[in-house]
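Enquirer:
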Amino acid sequence: MALAGCSGAMPGGQESADEDEVEQTDILEEIEAVDSYQYEMTRTVGTEEGDETVVSEGRINESANRSHVSSTADTELISENESVQIDEYIVEDTLYASIGGDWFQMELEGNVWEESAQLAAQTDFIETGTLTEEGTETVNGVETTVVSVEATEELKTELQNSPNFQATGATVDDVSYELYVDEETNYIHKINTELTTTTGNQTTTSSTEMTITGHNEPIDIELPADAENAEEGSPPAL
23 MALAGCSGAM
33 PGGQESADED
43 EVEQTDILEE
53 IEAVDSYQYE
63 MTRTVGTEEG
73 DETVVSEGRI
83 NESANRSHVS
93 STADTELISE
103 NESVQIDEYI
113 VEDTLYASIG
123 GDWFQMELEG
133 NVWEESAQLA
143 AQTDFIETGT
153 LTEEGTETVN
163 GVETTVVSVE
173 ATEELKTELQ
183 NSPNFQATGA
193 TVDDVSYELY
203 VDEETNYIHK
213 INTELTTTTG
223 NQTTTSSTEM
233 TITGHNEPID
243 IELPADAENA
253 EEGSPPAL
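In the numbering used here, the protein residues as written are 23 to 260.
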(Lines of atoms letter the chains of each structure in order from A; the text may use other names.)
(Lines give C-alpha, C1' and ligand atoms only; values in the text may rest on other atoms or scores of the structure.)
Protein backbone atom coordinates (compact mmCIF):
# COMPACT_ATOMS: atom_id res chain seq x y z
CA MET A 23 0.00 0.00 0.00
CA ALA A 24 1.63 3.25 -1.13
CA LEU A 25 0.87 6.33 0.94
CA ALA A 26 1.77 9.99 0.75
CA GLY A 27 5.21 10.51 2.22
CA CYS A 28 6.30 6.87 1.84
CA SER A 29 9.87 6.12 0.82
CA GLY A 30 8.62 3.98 -2.08
CA ALA A 31 7.66 7.01 -4.20
CA MET A 32 9.97 7.48 -7.18
CA PRO A 33 11.74 10.88 -7.34
CA GLY A 34 10.22 13.02 -10.04
CA GLY A 35 7.62 10.34 -10.87
CA GLN A 36 4.24 12.01 -11.19
CA GLU A 37 2.46 8.66 -11.53
CA SER A 38 3.82 7.38 -8.20
CA ALA A 39 2.87 10.62 -6.47
CA ASP A 40 -0.66 10.33 -7.84
CA GLU A 41 -0.91 6.72 -6.60
CA ASP A 42 0.20 7.85 -3.14
CA GLU A 43 -2.54 10.47 -3.04
CA VAL A 44 -5.18 8.00 -4.21
CA GLU A 45 -4.30 5.57 -1.40
CA GLN A 46 -4.44 8.31 1.21
CA THR A 47 -7.80 9.39 -0.18
CA ASP A 48 -9.02 5.77 -0.13
CA ILE A 49 -8.47 5.58 3.63
CA LEU A 50 -10.45 8.78 4.12
CA GLU A 51 -13.21 7.48 1.85
CA GLU A 52 -13.46 4.24 3.85
CA ILE A 53 -13.80 6.23 7.07
CA GLU A 54 -16.65 8.09 5.41
CA ALA A 55 -18.20 4.81 4.21
CA VAL A 56 -18.14 3.07 7.62
CA ASP A 57 -21.52 3.64 9.31
CA SER A 58 -21.24 1.13 12.14
CA TYR A 59 -18.44 -0.41 14.19
CA GLN A 60 -17.35 -1.40 17.68
CA TYR A 61 -14.21 -0.41 19.53
CA GLU A 62 -12.22 -1.05 22.68
CA MET A 63 -10.04 1.77 23.96
CA THR A 64 -7.59 2.29 26.81
CA ARG A 65 -6.41 5.82 27.57
CA THR A 66 -3.82 6.64 30.23
CA VAL A 67 -3.10 10.19 31.36
CA GLY A 68 -0.08 10.85 33.56
CA THR A 69 0.72 14.00 35.54
CA GLU A 70 2.97 14.86 38.47
CA GLU A 71 -0.01 14.30 40.78
CA GLY A 72 -0.80 10.78 39.54
CA ASP A 73 -2.38 8.75 36.75
CA GLU A 74 -5.84 8.22 35.32
CA THR A 75 -6.74 5.21 33.19
CA VAL A 76 -10.00 5.04 31.24
CA VAL A 77 -11.06 1.73 29.68
CA SER A 78 -13.96 2.02 27.22
CA GLU A 79 -16.08 -0.18 25.01
CA GLY A 80 -18.08 1.57 22.32
CA ARG A 81 -20.72 0.73 19.73
CA ILE A 82 -21.43 3.22 16.95
CA ASN A 83 -24.28 3.26 14.44
CA GLU A 84 -24.01 6.55 12.55
CA SER A 85 -26.74 5.73 10.03
CA ALA A 86 -29.19 5.40 12.95
CA ASN A 87 -27.64 8.36 14.83
CA ARG A 88 -27.06 6.20 17.89
CA SER A 89 -24.03 5.29 19.98
CA HIS A 90 -23.26 3.65 23.32
CA VAL A 91 -19.99 3.90 25.24
CA SER A 92 -19.36 2.19 28.57
CA SER A 93 -16.27 3.39 30.45
CA THR A 94 -14.47 2.79 33.72
CA ALA A 95 -12.21 5.60 34.92
CA ASP A 96 -9.61 4.67 37.54
CA THR A 97 -7.75 7.59 39.12
CA GLU A 98 -4.65 7.11 41.26
CA LEU A 99 -3.56 10.43 42.73
CA ILE A 100 -1.20 11.29 45.56
CA SER A 101 -4.19 12.31 47.69
CA GLU A 102 -6.83 9.73 46.71
CA ASN A 103 -7.83 6.78 44.54
CA GLU A 104 -11.19 6.61 42.78
CA SER A 105 -13.05 4.40 40.29
CA VAL A 106 -16.07 5.67 38.35
CA GLN A 107 -18.39 3.81 35.96
CA ILE A 108 -19.89 5.90 33.14
CA ASP A 109 -22.48 4.89 30.53
CA GLU A 110 -23.13 7.28 27.66
CA TYR A 111 -25.74 7.04 24.92
CA ILE A 112 -26.22 9.48 22.07
CA VAL A 113 -29.57 9.39 20.30
CA GLU A 114 -29.82 11.93 17.47
CA ASP A 115 -28.47 15.12 19.13
CA THR A 116 -29.16 14.17 22.75
CA LEU A 117 -26.61 12.77 25.21
CA TYR A 118 -27.82 10.48 27.99
CA ALA A 119 -25.21 9.70 30.65
CA SER A 120 -25.27 7.56 33.76
CA ILE A 121 -22.71 8.42 36.47
CA GLY A 122 -22.83 5.94 39.33
CA GLY A 123 -26.43 5.05 38.45
CA ASP A 124 -27.77 8.62 38.19
CA TRP A 125 -29.00 9.61 34.72
CA PHE A 126 -28.55 13.00 33.07
CA GLN A 127 -29.46 14.28 29.62
CA MET A 128 -28.38 17.29 27.58
CA GLU A 129 -28.67 18.55 24.03
CA LEU A 130 -25.43 18.55 22.04
CA GLU A 131 -24.40 21.33 19.69
CA GLY A 132 -22.37 21.35 16.49
CA ASN A 133 -21.80 18.43 14.14
CA VAL A 134 -22.42 15.71 16.71
CA TRP A 135 -21.48 12.70 14.61
CA GLU A 136 -18.22 14.14 13.29
CA GLU A 137 -17.13 15.31 16.73
CA SER A 138 -18.22 12.34 18.87
CA ALA A 139 -17.57 9.33 16.61
CA GLN A 140 -14.07 7.98 17.25
CA LEU A 141 -13.42 6.89 13.67
CA ALA A 142 -14.59 10.13 12.04
CA ALA A 143 -12.39 12.10 14.45
CA GLN A 144 -9.25 10.66 12.78
CA THR A 145 -9.68 12.49 9.47
CA ASP A 146 -7.77 15.66 10.43
CA PHE A 147 -4.63 13.66 11.25
CA ILE A 148 -4.78 11.75 7.98
CA GLU A 149 -5.59 14.78 5.82
CA THR A 150 -2.87 17.08 7.17
CA GLY A 151 -0.17 14.67 8.39
CA THR A 152 2.70 13.00 6.56
CA LEU A 153 2.10 9.24 6.28
CA THR A 154 4.93 6.68 6.33
CA GLU A 155 4.75 2.86 6.27
CA GLU A 156 6.44 1.17 9.24
CA GLY A 157 5.86 -2.54 8.54
CA THR A 158 3.00 -4.95 9.22
CA GLU A 159 1.17 -6.31 12.26
CA THR A 160 -1.73 -8.69 12.80
CA VAL A 161 -4.65 -7.11 14.67
CA ASN A 162 -7.49 -9.43 15.76
CA GLY A 163 -6.51 -11.88 13.02
CA VAL A 164 -6.28 -9.23 10.29
CA GLU A 165 -2.97 -8.47 8.56
CA THR A 166 -2.48 -4.70 8.68
CA THR A 167 0.06 -2.16 7.49
CA VAL A 168 1.40 0.07 10.27
CA VAL A 169 1.33 3.70 9.15
CA SER A 170 2.90 6.46 11.24
CA VAL A 171 1.50 9.95 10.85
CA GLU A 172 3.74 12.94 11.47
CA ALA A 173 1.64 15.78 12.84
CA THR A 174 2.15 19.11 11.09
CA GLU A 175 2.39 22.43 12.91
CA GLU A 176 -1.00 23.24 11.41
CA LEU A 177 -2.55 20.23 13.14
CA LYS A 178 -0.85 21.00 16.46
CA THR A 179 -2.26 24.51 16.26
CA GLU A 180 -5.72 23.12 15.48
CA LEU A 181 -5.53 20.81 18.50
CA GLN A 182 -4.41 23.66 20.71
CA ASN A 183 -7.33 25.81 19.53
CA SER A 184 -9.90 23.08 20.25
CA PRO A 185 -12.34 23.71 23.15
CA ASN A 186 -10.67 21.18 25.47
CA PHE A 187 -7.26 22.80 25.17
CA GLN A 188 -8.66 26.33 25.22
CA ALA A 189 -10.41 25.58 28.51
CA THR A 190 -7.18 24.46 30.20
CA GLY A 191 -4.71 26.76 28.44
CA ALA A 192 -2.55 23.74 27.57
CA THR A 193 0.23 23.88 24.98
CA VAL A 194 0.70 20.92 22.63
CA ASP A 195 4.36 19.85 22.76
CA ASP A 196 4.46 16.54 20.90
CA VAL A 197 2.10 14.19 19.06
CA SER A 198 2.74 10.57 17.99
CA TYR A 199 0.15 8.77 15.89
CA GLU A 200 -0.06 5.32 14.27
CA LEU A 201 -2.74 3.69 12.12
CA TYR A 202 -3.06 -0.05 11.48
CA VAL A 203 -4.75 -0.35 8.08
CA ASP A 204 -6.06 -3.41 6.20
CA GLU A 205 -4.48 -3.22 2.73
CA GLU A 206 -7.44 -4.90 1.03
CA THR A 207 -10.27 -2.81 2.48
CA ASN A 208 -8.45 0.31 3.79
CA TYR A 209 -10.34 -0.23 7.06
CA ILE A 210 -8.54 1.04 10.16
CA HIS A 211 -8.28 -1.74 12.75
CA LYS A 212 -6.14 -0.08 15.40
CA ILE A 213 -5.00 3.41 16.39
CA ASN A 214 -2.20 4.32 18.79
CA THR A 215 -1.63 7.91 19.91
CA GLU A 216 0.68 9.65 22.36
CA LEU A 217 0.32 13.30 23.32
CA THR A 218 2.46 15.55 25.51
CA THR A 219 1.10 18.89 26.70
CA THR A 220 2.16 21.61 29.13
CA THR A 221 -0.08 23.69 31.37
CA GLY A 222 1.85 26.26 33.36
CA ASN A 223 4.71 24.30 34.93
CA GLN A 224 2.99 20.91 34.68
CA THR A 225 3.58 18.40 31.90
CA THR A 226 0.88 15.87 31.01
CA THR A 227 1.44 12.77 28.90
CA SER A 228 -1.42 10.71 27.50
CA SER A 229 -1.41 7.49 25.49
CA THR A 230 -4.37 5.85 23.77
CA GLU A 231 -4.77 2.44 22.15
CA MET A 232 -8.00 1.74 20.29
CA THR A 233 -8.93 -1.41 18.36
CA ILE A 234 -11.84 -1.34 15.93
CA THR A 235 -13.96 -4.31 14.81
CA GLY A 236 -17.28 -5.03 13.12
CA HIS A 237 -16.93 -2.49 10.32
CA ASN A 238 -20.40 -1.96 8.77
CA GLU A 239 -21.91 -4.90 10.64
CA PRO A 240 -25.47 -4.56 12.06
CA ILE A 241 -25.53 -2.88 15.48
CA ASP A 242 -28.73 -2.37 17.47
CA ILE A 243 -28.54 0.27 20.22
CA GLU A 244 -31.51 0.72 22.55
CA LEU A 245 -31.76 3.45 25.19
CA PRO A 246 -32.33 1.96 28.69
CA ALA A 247 -35.72 2.64 30.26
CA ASP A 248 -34.07 4.43 33.23
CA ALA A 249 -32.64 7.04 30.85
CA GLU A 250 -36.10 8.21 29.80
CA ASN A 251 -36.48 9.97 33.18
CA ALA A 252 -32.99 11.49 33.11
CA GLU A 253 -32.37 14.81 34.85
CA GLU A 254 -31.86 17.76 32.50
CA GLY A 255 -28.35 19.20 32.54
CA SER A 256 -24.70 18.32 32.10
CA PRO A 257 -23.46 15.26 34.04
CA PRO A 258 -21.01 16.16 36.87
CA ALA A 259 -18.11 14.22 35.32
CA LEU A 260 -18.45 15.74 31.81
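Beta carbons are placed, not taken as given, at the ideal position from N, Cα and C, and that holds for glycine.
Report yes or no: do the stretch 143-150 and the stretch 118-131 share at least 3 C-beta pairs separated by less than 8 Å?
Expert: Output reads no: the stretch 118-131 does not touch the stretch 143-150.
Enquirer: So, for Leu130: in the same chain, excluding its five sequence neighbours on each side, which residues have a beta-carbon less than 6 Å away from its beta-carbon?
Expert: Only Asp115 and Leu117 meet the Cβ criterion.
Enquirer: Taking only three categories from DSSP, how would you classify Thr145?
Expert: Residue state, collapsed to three classes: helix.
Enquirer: Quick one: what does DSSP say Ala119 is sitting in, helix, strand or coil?
Expert: The answer is strand: DSSP assigns Ala119 an E or B state.
Enquirer: In whole angstroms, what separates the C-alpha of Thr64 from that of Val76?
Expert: Their Cα atoms are separated by approximately 6 Å.
Enquirer: Hey, out of Ser101, Leu99 and Gly236, whose CA is closest to Glu62's CA?
Expert: Here the closest residue by C-alpha is Gly236.
Enquirer: Give the DSSP bridge partners of Ala307, in chain order.
Expert: Lying outside 23 to 260, the shown extent of the chain, residue 307 is not represented and no answer is given.
Enquirer: Helix, strand or coil for Asp48? Go by DSSP, reduced to three states.
Expert: Three-state DSSP puts Asp48 in a helix.
Enquirer: If you check the beta carbons only, do Glu149 and Leu217 fall under 8 Å apart?
Expert: In this structure, Leu217 does not lie closer than 8 Å to Glu149 by Cβ.
Enquirer: Tell whether a beta-carbon distance below 8 Å holds between Gln224 and Glu70.
Expert: Cβ distance < 8 Å, so Gln224 and Glu70 count as in contact.
Enquirer: At a cut of 8 Å, does the stretch 79-97 reach the stretch 179-199 through at least three beta carbon pairs?
Expert: In short, these stretches do not touch, since the Cβ pair count stays below three.
Enquirer: Let me know the secondary structure DSSP gives Ile53 once reduced to three states.
Expert: Here Ile53 sits in helix by DSSP.
Enquirer: Quick test of the definition: if touching needs 3 or more C-beta pairs under 8 Å, does the stretch 229-248 touch the stretch 93-108?
Expert: The stretch 229-248 vs the stretch 93-108: no contact.
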